[in-house]
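For what it's worth, numbering that gives the first Met the number 0 labels the leading residue of the sequence shown as 0, then goes sequentially. Even glycine gets a Cβ: it sits at the ideal position worked out from N, Cα and C. Because the structure is a prediction, the values reported are computed rather than measured. What follows is a short report on a single structure.
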Amino acid sequence: MQTTLAAVAVLTVGYILAYVLFDRLRDRFGYVGGAEYVVIGFLLGPRVTGLLGAGQVQDLTPIVSLVLGWLGMLLGTYFRLPTMALVEGDHLRIAFGEALVTFAAAGGGLFGMLHYVAGFSGIDAAVMAVTLAAVATLSSPRAVDAVVDRARTGARILPILQLTARIDALVAVVAFGLVLAIFHQGDVSPGVRPPTATEWAVINVAVGVASGVLFHLFLGPRGHLDEGRLFVALAGAIVVASGASYYLNLSPIFTNLVLGFILANSGSAHRDVTRLLLLTERPVYLALLIFAGAAWSPVSADLLFIAPVFVVIRLAARFLGGRVAGLYVAPPELRTPDLARGLLAQGGIGVAIALNYTQVHPGVQSRLILTATLLSILLFEIVASREATLFIAGLRERSTPPDGVAEVDAALPAR
Numbered sequence: 000m001q002t003t004l005a006a007v008a009v010l011t012v013g014y015i016l017a018y019v020l021f022d023r024l025r026d027r028f029g030y031v032g033g034a035e036y037v038v039i040g041f042l043l044g045p046r047v048t049g050l051l052g053a054g055q056v057q058d059l060t061p062i063v064s065l066v067l068g069w070l071g072m073l074l075g076t077y078f079r080l081p082t083m084a085l086v087e088g089d090h091l092r093i094a095f096g097e098a099l100v101t102f103a104a105a106g107g108g109l110f111g112m113l114h115y116v117a118g119f120s121g122i123d124a125a126v127m128a129v130t131l132a133a134v135a136t137l138s139s140p141r142a143v144d145a146v147v148d149r150a151r152t153g154a155r156i157l158p159i160l161q162l163t164a165r166i167d168a169l170v171a172v173v174a175f176g177l178v179l180a181i182f183h184q185g186d187v188s189p190g191v192r193p194p195t196a197t198e199w200a201v202i203n204v205a206v207g208v209a210s211g212v213l214f215h216l217f218l219g220p221r222g223h224l225d226e227g228r229l230f231v232a233l234a235g236a237i238v239v240a241s242g243a244s245y246y247l248n249l250s251p252i253f254t255n256l257v258l259g260f261i262l263a264n265s266g267s268a269h270r271d272v273t274r275l276l277l278l279t280e281r282p283v284y285l286a287l288l289i290f291a292g293a294a295w296s297p298v299s300a301d302l303l304f305i306a307p308v309f310v311v312i313r314l315a316a317r318f319l320g321g322r323v324a325g326l327y328v329a330p331p332e333l334r335t336p337d338l339a340r341g342l343l344a345q346g347g348i349g350v351a352i353a354l355n356y357t358q359v360h361p362g363v364q365s366r367l368i369l370t371a372t373l374l375s376i377l378l379f380e381i382v383a384s385r386e387a388t389l390f391i392a393g394l395r396e397r398s399t400p401p402d403g404v405a406e407v408d409a410a411l412p413a414r
């Protein structure tokens with residue numbers, strides 16, 4: 000009870016402070032990030048005021064798994080197949096090209112740094128490199144949508160920018176989910192053969208599929224129900240998926256991504272599910288960032304260099320991926336060499352991946368991953384809005400939209 004009351008108090012204080020101070024920054028400067036909640040969580044956590052103690056932070060870890068699952072499900076609902084089938088092939092090639100090049104460049108650079116410079120073993124360096132590369136690949140769909148909403152231009156690259164932010168998140172979550180399955184942590188019961196890496200990956204997907212089936216059982220025969228019953232069914236499915244993933248040392252984000260995809264493409268309640276997830280996105284995102292700030296602890300001095308180097312690698316990989324996709328993958332009419340300038344914000348899924356890593360790999364490595372992630376998010380949230388605004392201004396200068404241009408959200412999956 001005391002832990003629950005402390006969590007409610009922290010959320011209330013953080014929410015009030017964020018609205019009093021940081022919403023003014025949004026109104027004046029167009030800032031749409033969430034770094035302020037990380038700072039508030041750190042100030043209210045055991046390292047500063049102690050309002051949320053170390054024991055309470057640890058006790059809230061299973062609840063955090065539900066938050067991770069909630070964000071993963073929201074991402075999965077974007078990928079509704081009937082809508083995705085209408086997206087132009089050039090748009091998908093640009094989005095996947097940018098995401099894959101960014102991930103590969105970041106992963107290669109990070110593995111070299113962690114293995115050859117920091118001295119981690121090959122396996123540890125590989126797992127950490129993939130995790131941080133996933134964080135580096137992420138772009139915040141919420142931040143990109145906010146920039147596009149303010150753009151007031153019909154440039155054809157804008158819907159591609161929005162689609163790319165979702166594909167970035169998809170590639171990041173899938174890569175992270177697979178690396179936790181391939182290099183699985185934990186033991187099975189005596190006398191039971193440990194599953195192979197492939198079997199762990201299949202188990203991760205199967206949990207998401209099974210949870211989707213349970214959702215429809217919870218929901219009942221009717222597709223459109225009152226919001227209360229829909230919320231109970233949705234929460235029940237997320238509890239099952241996230242709880243199973245947490246127990247098995249897998250990724251609740253990946254499992255619920257599969258669950259969200261299942262719900263978006265089956266049954267008649269997908270619109271209601273997406274609407275409910277969007278309505279609850281802000282408080283869930285808020286809780287995640289505050290918890291991340293409270294859970295942060297410093298790393299040893301000899302490894303502090305990794306966090307700023309990660310920021311540099313992420314920046315270089317982002318611009319390399321944006322240039323390759325915008326200049327070489329895109330057809331002539333869509334070429335945008337500076338595509339990466341609109342994709343610098345990282346968003347909450349990056350924090351979710353870092354926290355998920357700390358659940359599976361506690362210790363020095365987890366502190367390093369969380370430190371690098373939080374530093375990156377804090378720094379990029381400061382510059383992302385300005386860079387995206389300059390990117391939009393550059394689009395206006397380079398071209399005027401032709402007659403009959405599709406609406407900005409034409410390339411986005413329906414919510």
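With fewer than 16 other Cβ atoms from the protein chains shown falling within 10 Å of its own Cβ, P81 counts as exposed. In this structure, V204 is the residue among V204, R92, F214 with its C-alpha nearest to the C-alpha of V257. Taking C-beta atoms under 8 Å as the contact rule, S241 and L378 fail to qualify, at a distance of about 30 Å. A direct Cα-to-Cα measurement between T60 and A392 gives close to 43 Å.
For L394, the closest of R281, I156, Q345 by C-alpha to C-alpha distance is I156. Apart from sequence neighbours up to five positions away, the residues of its chain that approach L113 with a beta-carbon distance below 7 Å are F119, A124, M127, A128, ordered along the chain. Its chain contains E97, V100, T101 as the residues whose beta carbon lies nearer than 6 Å to that of G320, once the 5 sequence neighbours on both sides are disregarded; these appear in chain order. The beta carbon of F390 sits closer than 7 Å to the beta carbons of D337, R340, G341 from its chain, once the five residues preceding and following it are set aside; these are given in chain order.
Ranked by Cα distance from E87, the options I159, T273, G259 are led by I159. With a beta-carbon spacing of about 20 Å, Q184 and N255 fall beyond the 8 Å limit used to define contacts. By the Cβ test, the segment 366-374 is in contact with the segment 284-300, since at least three Cβ pairs between them sit closer than 8 Å. DSSP, reduced to helix, strand and coil, places G190 outside both helices and strands of the structure shown, so it counts as coil. With respect to the 8 Å criterion, V37 and I252 are not classified as neighbours on the basis of their beta carbons. By the Cβ-count criterion, V47 is exposed, with fewer than 16 other Cβ atoms from all chains shown falling within 10 Å of its own Cβ. Around the Cβ of D271, a 10 Å sphere holds 16 or more other Cβ atoms; the residue is buried. Taking C-alpha positions only, G108 is separated from F217 by approximately 46 Å.
Shown here, G211 sits in a helix according to DSSP, grouped into three states. Cβ contact annotation for A324 (same chain, cutoff 7 Å, sequence separation greater than five): I93, G96, E97, V100, L338, in chain order. Within the segment 301-330, the runs of alpha helix (DSSP H) at least 4 residues long that lie entirely inside it are, in chain order, 305-322.
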